[in-house]
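This report concerns only the one structure given below.
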Amino acid sequence: GAGVSQSPSNKVTEKGKDVELRCDPISGHTALYWYRQSLGQGLEFLIYFQGNSAPDKSGLPSDRFSAERTGGSVSTLTIQRTQQEDSAVYLCASSLVGATEAFFGQGTRLTVV
Amino acid sequence: GIQVEQSPPDLILQEGANSTLRCNFSDSVNNLQWFHQNPWGQLINLFYIPSGTKQNGRLSATTVATERYSLLYISSSQTTDSGVYFCAVPNSSNQGGKLIFGQGTELSVKP
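Protein sequences appear in the order of chains A and B.
For what it's worth, this note's numbering labels the leading residue of the first sequence as 1124, then goes sequentially.
For what it's worth, this note's numbering labels the leading residue of the second sequence as 701, then goes sequentially.
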């Protein structure tokens, strides 16, 4: 696609429910990144994919968080048993290969009530 | 891992003024990016600048890789320049790996 696309744009969920966030990278980009940004804060790294594998998942805050990437394209970030502290904007980026110019999607604003 | 520091953390300008934002990094890097996060949260690519100087309209950027810093210049600022400016570098000097972001400079341009 023309740019990185994330869905949904906004998600409100009840505490304890599971959520799935989707990222469609730019076509042909092999590297994909997930970041989280809490209100008024900087960007917190979550996980990095090169192709379908995740050589760096050091930023996932707990085992409630997982991510996968299939076909070297779409990625899904899953948060199980959501907590209020999970409320944030989840940003996805892609680049042609790792550590080259990255482009971000518009983000998914997650609110856990 | 590599550390990235941005200064100043906050900046208030009158419309038409010029400004310089700085990004220091603790280790050698093979690329650096500047982003503008607009009030709607969208991260806009400004520059991909491993070294040297680039210009795009009223904005320009210079990276001095050997001295581990980059500067973003904004001339004749406009209210639409308001937002947070981030710089980011790869975590490793090799290809691949996450981008490390600075904490950002929050710019407010007053009319």
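The beta-carbon is built from N, C-alpha and C at its ideal position, and this holds for glycine as well.
Taken through DSSP and simplified to helix, strand or coil, residue 766 of chain B comes out as helix. Closest in alpha carbon position to residue 788 of chain B, among B/714, B/752 and B/797, is B/797. Using beta-carbon distances, residue 769 of chain B does not count as an interface residue toward chain A, since no partner is under 8 Å. For the C-beta of residue 799 of chain B, the chain A residues within less than 9 Å are, from N- to C-terminus, 1156, 1158, 1166, 1168, 1171, 1216, 1218, 1222 and 1225. The DSSP-derived three-state label of residue 1208 of chain A is helix. Going by beta carbons, residue 1192 of chain A and residue 1144 of chain A fall outside the 8 Å limit. The C-beta separation of residue 1211 of chain A from residue 1199 of chain A comes to about 17 Å, leaving the pair out of contact by the 8 Å criterion. By the CB criterion at 8 Å, residue 1166 of chain A and residue 1160 of chain A fall inside the cutoff. The Cβ atoms of residue 734 of chain B and residue 761 of chain B sit closer than 8 Å to each other. Contact annotation, residue 746 of chain B with residue 807 of chain B: C-beta distance approximately 12 Å; criterion of less than 8 Å not satisfied. Take residue 1175 of chain A, set aside five residues on each side of it, and the residues of its chain with a beta-carbon closer than 7 Å to its own are 1192, 1193 and 1195, in chain order. Runs of the beta strand (DSSP E) lying entirely within the segment 1164 to 1206 of chain A and spanning at least 3 residues, in chain order: 1167 to 1173, 1176 to 1179, 1188 to 1192 and 1198 to 1202. Comparing C-alpha distances from residue 753 of chain B to each of B/770, B/811 and B/801 shows the shortest one belongs to B/770. Here the alpha carbons of residue 1141 of chain A and residue 704 of chain B stand approximately 34 Å from one another.
Rounded to the nearest whole angstrom, the CA to CA distance from residue 726 of chain B to residue 803 of chain B is 14 Å. Only exposed fits residue 1125 of chain A, as fewer than 16 other CB atoms lie within 10 angstroms of its CB. For residue 718 of chain B, no beta strand (DSSP E) run applies, since DSSP gives it neither H nor E.
Spatial neighbours of residue 1229 of chain A in its own chain (CB-CB distance under 7 Å, excluding positions within 5 residues in sequence) are listed in chain order as 1129 and 1132. Against chain A, a Cβ distance below 7 Å from residue 803 of chain B picks out 1165. At a cut-off of 8 Å between beta carbons, residue 739 of chain B makes no contact with chain A. Listed in chain order, the non-local C-beta contacts of residue 738 of chain B below 7 Å within the same chain comprise 744 and 783, local neighbours out to five positions each way being set aside.
Beta-bridge partners of residue 1157 of chain A (DSSP): A/1170 and A/1215.
Of all alpha-carbon atoms in A/1209, A/1213, A/1202 and A/1135, the one lying nearest the alpha-carbon of residue 1227 of chain A is that of A/1213.
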